[in-house]
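Keeping their order, the protein sequence lines are chains E and C.
Position one of the first sequence corresponds to residue 57 (the working numbering), numbered consecutively onward.
Position one of the second sequence corresponds to residue 57 (the working numbering), numbered consecutively onward.
Contents: one structure, followed by commentary.
Number of protein chains: 2
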Amino acid sequence: MTLRIAEIFGPTIQGEGVLIGEPTVFVRAGGCDYRCSWCDSLHAVDSENRHSWAAMQTEAVWEEVQRLSGGQPLTVSLSGGNPAIQDFGPLIGLGRAAGYRFACETQGSLARPWFAALDTLVLSPKPPSSGEKVDWEAFDACRQAGAGARQQVMKIVIFDQADYDWAREVHSRHPDLPLYLQPGNPEVDPTVPVDLQALADRLRWLTEKAMADRWFAARILPQLHVLIWGNKRGV
Amino acid sequence: MTLRIAEIFGPTIQGEGVLIGEPTVFVRAGGCDYRCSWCDSLHAVDSENRHSWAAMQTEAVWEEVQRLSGGQPLTVSLSGGNPAIQDFGPLIGLGRAAGYRFACETQGSLARPWFAALDTLVLSPKPPSSGEKVDWEAFDACRQAGAGARQQVMKIVIFDQADYDWAREVHSRHPDLPLYLQPGNPEVDPTVPVDLQALADRLRWLTEKAMADRWFAARILPQLHVLIWGNKRGV
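Below you can see the structure in the form of structure tokens.
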């Protein structure tokens, strides 16, 4: 099985969502069926960067995960791009046999049988500010495919009021999916230092909005990796 | 039942630990059997502040929680000081009957039967830098008392290498308690603006240390409320 891999890095802590703070090795798949206006991982999305993605066999990816983690089992996060474009089933099989746990983050546009073998499936439908439009039939198929995963959650990035209203509506249709909200990060240039105060202000804005509306259904979390490392890659 | 209450505030997001990001109303109990050198809640600990703690009936506390949350069930965090000094059983009973969830954060020095009625018991034994010494028999009694809680976790604050080494040893004796590490915050004066870069640097220090040691057992999380609001009280 040949996989197109944009980067493999870690261990570091997961910066966002349900596994925030969890020691993790990241396997970032190359290629995406979306092109979100504010994408913070264009190096793994834009096909202009295709030349920089490695063609790796599953076994080679697994060896690199083991090398980075020193053979100590931890969580492996499959991200992208959209990792659901490719078949990570064999990698998950190798890793789980050795005690590793697997999480996958995907927008929910492509359902894969291997979702059922995950410990954590994070479905991250993209709000209006992304410029993308969610195919809810495909999303439901992802939920179905992931029904066997240990946990399945939803994460929504919020840039503005329209995104927020959309998230409330999506939650009302999927009340059983634990929901994580994340303030959007408009500063994604890895060469520009991050404005920590602006990051704190965005988290405060979203928190105060949800609390004022007495909307208590979602956890609200920042991106810790941006706090610690700015928009630097590979951390 | 009369309770000594330092403050009741929220809803806001839980800033730390296993429930990070979770909309929460905080009930901060007055009084503590510890006096940690770096305590960030001295207004609820130092008996010099006793005059500022309200003597409230359980029903009055419950009414205030309902008022702040607009009657929408959410998580109530019992903190302090050490909330285990007092009897929060009746408050938990009232709240749970109305669909509210309860978390309690305590150092684990006093076991209470009402721990079993909690959704989340956070045991937070204090490391050497606190100047306190853990009574492990009392800690074990707390674990026992909390065995009926929906979840029981451990949180340890890390200021320095000695704290870190201690946390590793404690974890080796309690490997089944999910562990959360939190870099210590030496800036606790509510009148002094927080240094966001220093906060990010402390999180990075602890993350890099654990990753270099390939110690993947603990989640590593900052205090979000300090990031958002500095050391201001009541948020």
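Each residue gets a CB set at the ideal place from its N, CA and C atoms; glycine is no exception.
Going by the CB atoms, is the gap between residue j and residue i shorter than 9 Å?
i: Gln217 (chain C); j: Val190 (chain C); result: no
i: Tyr236 (chain E); j: Ile276 (chain E); result: yes
i: Leu150 (chain E); j: Met112 (chain E); result: no
i: Val282 (chain E); j: Gly71 (chain E); result: yes
i: Gly87 (chain E); j: Gly155 (chain E); result: no
i: Phe215 (chain C); j: Pro181 (chain C); result: no
i: Ile292 (chain E); j: Asp221 (chain E); result: Within the shown structure, residues of chain E are numbered from 57 to 291, placing residue 292 (chain E) beyond reach of any answer.
i: Gly240 (chain E); j: Ile76 (chain C); result: no
i: Ser125 (chain E); j: Gly187 (chain E); result: no
i: His227 (chain C); j: Ala274 (chain C); result: yes
Please return the same chain residues whose Cβ sits closer than 7 Å to the Cβ of residue i, not counting the five positions on each side in sequence.
i: Pro246 (chain E); result: Asn287, Lys288, Arg289
i: Ala201 (chain C); result: Ala167, Arg168, Pro169, Phe171, Ala172
i: Ala110 (chain C); result: Ile61
i: Pro249 (chain E); result: Gly286
i: Met57 (chain E); result: Gln113, Thr114, Asp143, Pro146
Identify the continuous beta strand (DSSP E) that holds residue i and give its terminal residues.
i: Cys198 (chain C); result: No beta strand (DSSP E) contains Cys198 (chain C), which is instead part of the alpha helix (DSSP H) from 192 to 201.
i: Ala167 (chain C); result: Taken as a continuous stretch (DSSP letters only), Ala167 (chain C) belongs to no beta strand (DSSP E), as it is neither H nor E.
i: Thr247 (chain E); result: Run containing Thr247 (chain E): none; DSSP gives neither H nor E here.
i: Ser135 (chain E); result: 131 to 135
i: Ala62 (chain E); result: 58 to 69
i: Tyr236 (chain E); result: 235 to 239
i: Arg275 (chain C); result: 274 to 276
i: Ala172 (chain C); result: Taken as a continuous stretch (DSSP letters only), Ala172 (chain C) belongs to no beta strand (DSSP E), as it is neither H nor E.
i: Val83 (chain C); result: 79 to 85
At what residues does the alpha helix (DSSP H) containing residue i begin and finish?
i: Tyr220 (chain E); result: 217 to 229
i: Ala116 (chain C); result: 114 to 125
i: Ala153 (chain C); result: 145 to 153
i: Lys211 (chain E); result: Careful: Lys211 (chain E) lies outside any alpha helix (DSSP H), inside the beta strand (DSSP E) at 207 to 214.
i: Ala254 (chain C); result: 252 to 268
i: Leu283 (chain C); result: 280 to 285
What is the rounded straight-line gap between the Cα of residue i and the Cα of residue j?
i: Glu115 (chain C); j: Ile148 (chain C); result: 11 Å
i: Ser108 (chain C); j: Ala62 (chain C); result: 7 Å
i: Gln142 (chain C); j: Arg84 (chain C); result: 11 Å
i: Tyr90 (chain E); j: Pro184 (chain E); result: 13 Å
i: Val121 (chain C); j: Glu120 (chain E); result: 51 Å
i: Glu341 (chain C); j: Val117 (chain C); result: Given that chain C is displayed from residue 57 to residue 291, the structure contains no residue 341 (chain C) and the question cannot be resolved.
i: Arg258 (chain E); j: Ala197 (chain C); result: 42 Å
i: Ala268 (chain C); j: Arg260 (chain C); result: 12 Å
i: Thr80 (chain E); j: Phe158 (chain E); result: 9 Å
i: Asp232 (chain E); j: Arg106 (chain C); result: 44 Å
i: Cys92 (chain E); j: Leu98 (chain E); result: 9 Å
i: Thr131 (chain C); j: Glu225 (chain E); result: 22 Å
i: Gln238 (chain C); j: Gln238 (chain E); result: 21 Å
i: Leu280 (chain E); j: Leu280 (chain C); result: 10 Å
i: Met210 (chain C); j: Glu104 (chain E); result: 47 Å
i: Pro146 (chain E); j: Trp192 (chain E); result: 28 Å
i: Pro129 (chain E); j: Ile64 (chain E); result: 16 Å
i: Leu262 (chain E); j: Phe82 (chain C); result: 19 Å
i: Arg123 (chain E); j: Arg270 (chain C); result: 12 Å
i: Arg229 (chain E); j: Ala254 (chain C); result: 41 Å
i: Ala223 (chain C); j: Ser165 (chain C); result: 17 Å
By Cβ distance below 8 Å, which residues in the same chain neighbour residue i in space, the five residues on each side in sequence not counted?
i: Phe293 (chain C); result: No information on residue 293 (chain C) is available, as it lies outside the stretch 57 to 291 that chain C covers here.
i: Cys160 (chain E); result: Ser133, Leu134, Ser135, Pro139, Ala140, Phe144, Phe171, Leu174, Thr176, Leu177, Val178
i: Gly204 (chain C); result: Phe171, Ala172, Ala173
Using C-beta distances below 6 Å, list every residue in its chain close to residue i, excluding the 5 sequence neighbours before and after it, in chain order.
i: Val101 (chain C); result: Cys88, Cys95, Gly137
i: Val311 (chain E); result: In the structure displayed, chain E extends from 57 to 291; residue 311 (chain E) sits before or after that span and is not available.
Is any heavy atom in the ligand ADP found nearer than 8 Å to the beta carbon of residue i?
i: Pro184 (chain E); result: The ligand ADP is not part of this structure, which contains no ligands at all.
Since I believe residue j is in contact with residue i (beta carbons under 8 Å), could you give me their beta-carbon distance rounded to a whole number of angstroms?
i: Gln207 (chain C); j: Arg199 (chain C); result: Between Arg199 (chain C) and Gln207 (chain C) the Cβ distance is about 12 Å, and since that is not below 8 Å, they are no contact.
i: Val74 (chain E); j: Pro234 (chain E); result: 7 Å
i: Leu252 (chain C); j: Ala256 (chain E); result: 6 Å
List, in chain order, every chain A residue whose beta-carbon is nearer than 8 Å to that of residue i.
i: Thr176 (chain C); result: The chain labelled as chain A is not found among the protein chains of the depicted structure, namely E and C.
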